[in-house]
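Protein chains in written order, with our numbering: chain A, 19 to 273; chain B, 32 to 286; chain C, 100 to 389. Glycine is no exception: its CB is placed at the ideal position from the N, C-alpha and C atoms. Read through the structure below, which is laid out as structure tokens, and then see the notes.
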Amino acid sequence: MYEARESGLHLLHPLTKAALALCLVVAGLVLPSRWTGYFLVLCVVFPLALWGKVFTPFLRSLWKVSLPLALSLFLIQSLFWGEGEILLSMGPIAFKKEGALFALVSMGRILLVMADFILFAMTTRPDTLMISMKQAGAPSGLAYIIVTTLQIVPRFQNKASTILDSQRSRGLETEGNIFVRARAFAPIVLPLVLGSLIEVEERAIAIQARGFNSNKEETSLIEIPDTKTQRLTRQALILATILSIVARIAWQLLN
Amino acid sequence: MFDNIKKEFSTRTLVLIPIAIAINIAIGELVVRLKLPVYLDSIGTVLVGAIAGPWAGALTGALANLIWGLINPFAVPFFYVAAVIGLLAGLAGKQGAFEKESPQWLSVVVGAVFVFSLTMFILAFTNATTDDTGFTSYPAMSELFSNYAVIFIVAILAGGAIGYFLLQKGGYAGIWGLVTGIVAAIISAPTAAYVFGGVTGAGTDLLVAAFRASGGNILASVMAQGAVSDPFDKMLSFMVVWLILRSLPARYKAR
Amino acid sequence: MAIVELKNVTYKYPLTDSPILQNINLQVNEGEFVAVVGPNGAGKSTLCYTIAGFVPHFFKGELTGTVEVAGIESQTSTLNEWVLNIGLAFQNPFNQISGAKYTVYEEIAFGLENIGVPREEMKARVEEAMKLTGISDLADRSPYSLSGGQQQRVALTSILVMQPKVLVLDEPTSQMDPIGTREVFGVIRTMAENGMTVILAEHKVEWVAQFADRVVALHEGQILLEGNPQEVLTSDLLMDNGFGISRYTSTAREAKKQGLWKKDMLPVTLDDAVEGFALTLPSPDWRGKK
């Protein structure tokens with residue numbers, strides 16, 4: 019999902035961006051007003067997206083992902099709300115105002131989470147994120163798993179297709195009644211998984227032969243620029259996150 | 032305890048996990064392509080649990096779920112369900128469920144019991160009656176049996192046949208899969224209700240509302256679907272992993 | 100000076116009945132290029148894994164005898180201590196890519212990061228290694244966008260940057276097309292010329308004959324024959340035991356029976372064959388006139 023751009027946002031330290039993302043999400047979900055979600059999306063996330071020069075792909079992704087969500091949320095909530103003021107009725111089906119309102123408010127929060135995540139993913143290289151997490155103390159095995167998964171998953175589809183095609187060319191039937199189709203399952207899955215296990219063994223040997231998991235102090239090729247300002251900003255953001263949670267609890271108790 | 036956890040994450044495991052996540056997605060898409068009425072999107076997770084252990088399985092499940100979330104965000108809140116599936120697969124592996132061959136009669140029994148309970152469940156819901164005060168009463172078991180005797184007998188026979196042909200000697204794996212599926216369905220219900228139903232304490236109860244609005248039929252189908260697809264799906268998934276591990280040359284089995 | 104020494108090595112994989120290596124005695128001197136040939140199942144890969152220390156540390160199983168590289172014995176040390184002396188490459192280059200890096204440059208640096216080499220030294224070593232193997236122009240590409248031959252060269256570079264004492268190669272060109280094969284052997288030749296000790300398991304006997312100082316013929320887990328490449332690769336013993344021999348050898352053998360091959364030694368490579376046949380057959384000049 020990463021989009022490379024020459025932008026100030028891209029140059030920020032990954033942990034700074036992570037802290038920012040976290041703070042936004044928590045603030046949006048936790049602060050009392052009902053419209054915080056929309057507010058933060060419009061006034062914070064959108065400008066950031068512009069700064070990161072990814073506004074167009076960002077908006078496209080956001081739209082693609084939230085539209086189906088918004089529709090189903092709206093339908094379920096307005097149709098199945100218990101007692102309420104009816105906005106529109108078509109025979110036995112009635113849309114209730116409270117339900118629609120509820121959907122609108124929820125959508126604001128959901129939109130914030132989605133926008134936040136999409137912007138973060140588009141402006142942060144996964145491997146630099148992992149490196150900075152490792153430098154901050156996260157286990158390096160976890161970093162390896164996450165980055166490798168992101169690289170391997172897209173390429174794996176080809177493997178399955180290749181096996182499907184080669185079995186088909188050997189006469190495997192994949193169309194017809196359910197028994198025929200079900201019987202096609204094993205001849206495709208078994209080679210796929212068994213072949214993958216061989217891949218696992220060889221790769222484990224290959225990287226171990228290059229010192230992986232050898233409990234030595236690791237160094238990093240890529241230097242991630244960091245500044246004092248960013249460090250302070252991160253601390254401020256974490257503080258803001260905690261404060262908003264406290265504010266919410268306080269508000270809850272007082273009401 | 033931490034040593035045990037650490038031992039599970041050898042280089043082999045770290046290399047396996049990304050590939051297992053890719054396998055989840057590849058097989059999940061394969062069954063769509065073959066138009067089979069199952070999901071089978073956790074075979075990779077179960078595989079890791081079976082080969083590497085419960086903690087590795089749990090991590091795989093959680094990560095796979097989050098990755099899947101990039102495509103379908105609806106999946107993300109259920110990450111803990113996927114983790115539990117991996118965890119239980121690991122426990123099953125420790126008990127040798129994936130290595131031992133069960134007697135065929137056991138598979139028949141498992142199949143029969145499963146289909147029988149499923150039938151009972153569905154019939155109970157579809158025959159539930161709601162009176163004017165909103166109180167729902169479910170028919171007594173004896174009543175169900177007498178009214179639907181033939182259906183139950185067919186269910187037992189069909190279940191036995193399914194057990195025999197699908198599970199074959201993988202009965203132990205099948206049982207563990209069944210149990211895992213049931214657990215998964217149960218622990219995902221609250222989140223499903225919250226996320227999709229929006230049960231918020233604002234005075235609405237989606238389930239009751241839907242139930243009242245539809246006379247019980249929608250609820251029966253929703254609950255029935257959750258109850259059906261998960262246990263059957265997981266039972267099958269565990270069986271597939273059992274089949275895969277049986278086909279491995281001896282060399283790969285030593286962990 | 101023997102840098103690799105195997106004494107009476109017998110090895111059985113776990114959960115199997117028969118040992119895949121039986122009583123192997125092998126010595127490789129520093130700077131030597133030893134090729135291991137043998138039919139499938141002879142134990143070539145296992146031998147490579149044994150020299151690299153993955154047998155027995157990674158595969159478990161039962162190993163008897165001693166395996167020594169650069170003076171350290173494999174059974175009494177840990178895999179992590181051992182691996183840095185050996186560079187190991189195998190058939191499928193795709194499986195040797197770590198998956199954790201987005202560019203070839205970073206992929207090569209991966210090993211150095213793992214062992215804690217300081218950044219400046221890392222960059223110097225990576226760039227030097229890339230120059231040596233001729234892949235500097237691939238530095239910014241994704242490892243997954245390369246051809247098989249390119250990937251294998253990247254794999255070799257990633258290994259060489261670790262500065263191993265011995266290079267162990269298990270059929271590195273089996274999955275390559277002819278261009279990839281040539282590219283990979285080019286890198287291997289460069290390494291050998293730079294004094295690297297190389298142990299190569301290979302089917303392609305014509306290439307073996309060009310590079311190897313010594314050939315070891317492995318059959319059913321035991322060393323059948325060992326010696327000068329020319330002698331070993333043309334011996335009847337190999338042909339009788341199902342080894343693949345070069346087509347030039349088999350052609351010349353037939354020709355010998357009909358008196359058309361006058362030399363004592365059968366050829367292994369095309370050049371040897373041409374040289375030998377030139378003695379008996381009239382050689383038209385290239386325009387076809389006699």
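Endpoints, the beta strand (DSSP E) within which residue i is located
i: residue 260(C); result: Counting along the chain, residue 260(C) falls outside any beta strand (DSSP E), and DSSP gives it neither H nor E.
i: residue 161(C); result: 161-168
i: residue 186(C); result: 185-188
i: residue 109(C); result: 101-111
CB of residue i within 8 Å of CB of residue j, strictly
i: residue 195(C); j: residue 156(A); result: no
i: residue 165(A); j: residue 148(A); result: yes
i: residue 209(C); j: residue 200(C); result: yes
i: residue 320(C); j: residue 282(C); result: no
i: residue 80(B); j: residue 117(B); result: yes
i: residue 125(C); j: residue 267(C); result: no
i: residue 133(C); j: residue 150(C); result: no
i: residue 367(C); j: residue 348(C); result: yes
i: residue 225(C); j: residue 260(C); result: yes
i: residue 238(C); j: residue 269(C); result: no
i: residue 71(B); j: residue 264(B); result: yes
i: residue 96(B); j: residue 74(B); result: no
i: residue 220(A); j: residue 191(C); result: yes
i: residue 289(C); j: residue 231(C); result: yes
Proximal residues of chain A, C-beta to C-beta of residue i below 7 Å
i: residue 177(B); result: The contacting residues do not exist; residue 177(B) stays about 33 Å from chain A at best.
i: residue 49(B); result: 163, 166, 167 and 170
i: residue 66(B); result: 199
i: residue 414(C); result: Past the boundaries of the shown model lies residue 414(C); chain C is included only from 100 to 389, so the question cannot be answered.
i: residue 42(B); result: 222, 225, 226, 230 and 231
i: residue 278(B); result: 208 and 212
i: residue 98(B); result: 167 and 171
i: residue 150(C); result: Neighbours of residue 150(C) on chain A: none; closest Cβ ~12 Å, over 7 Å.
Per-residue DSSP class, three states only, for residue i
i: residue 132(C); result: strand
i: residue 227(A); result: coil
i: residue 296(C); result: strand
i: residue 234(B); result: Confidence at residue 234(B) is low in this model, with a pLDDT of 34, below 50, so the placement of that residue is unreliable and no value is reported for it.
i: residue 58(B); result: helix
i: residue 111(A); result: strand
i: residue 31(A); result: coil
i: residue 241(B); result: Low confidence applies to residue 241(B): its pLDDT is 44, below 50, so where it sits in the model is not reliable, and the reading given next is rough at best. Helix, per DSSP.
i: residue 93(B); result: helix
i: residue 196(C); result: coil
i: residue 70(B); result: coil
i: residue 280(B); result: coil
i: residue 380(C); result: coil
i: residue 81(B); result: helix
i: residue 156(C); result: helix
i: residue 181(B); result: helix
i: residue 72(A); result: coil
i: residue 288(C); result: helix
Where the alpha helix (DSSP H) containing residue i begins and where it ends
i: residue 151(C); result: 143-151
i: residue 179(C); result: 178-182
i: residue 259(A); result: 246-272
i: residue 201(A); result: 196-201
i: residue 353(C); result: 346-356
i: residue 207(C); result: 203-213
i: residue 329(C); result: 328-332
i: residue 218(C); result: 218-232
i: residue 276(C); result: Element bounds for residue 276(C): n/a, residue is neither H nor E.
i: residue 304(C); result: 304-310
Proximal residues of chain A, C-beta to C-beta of residue i below 9 Å
i: residue 205(C); result: 145, 239 and 240
i: residue 182(C); result: 226, 227, 228, 229 and 232
i: residue 137(B); result: Residues of chain A passing the Cβ test: none, with the nearest at roughly 21 Å.
Chain-ordered neighbours of residue i on chain B, where CB pairs are closer than 9 Å
i: residue 210(A); result: 54, 57, 58 and 61
Neighbour list for residue i in chain B, Cβ cutoff strictly below 7 Å
i: residue 214(A); result: 50 and 54
Under 8 Å by beta carbon: chain A residues contacting residue i
i: residue 195(C); result: 220, 221 and 224
i: residue 218(C); result: 237, 238, 239 and 241
Residues that residue i contacts on chain C, provided the C-beta gap is smaller than 9 Å
i: residue 217(A); result: 191, 193 and 194
| field | Continuous alpha helix (DSSP H) assignments of at least 4 residues falling wholly in the region 107-132 of chain B | value | 110-125
| said: Suppose only complete runs of 4+ residues qualify. What are the alpha helix (DSSP H) ranges in the region 127-209 of chain A, listed by chain order? | reply: 144-153, 158-187 and 196-201
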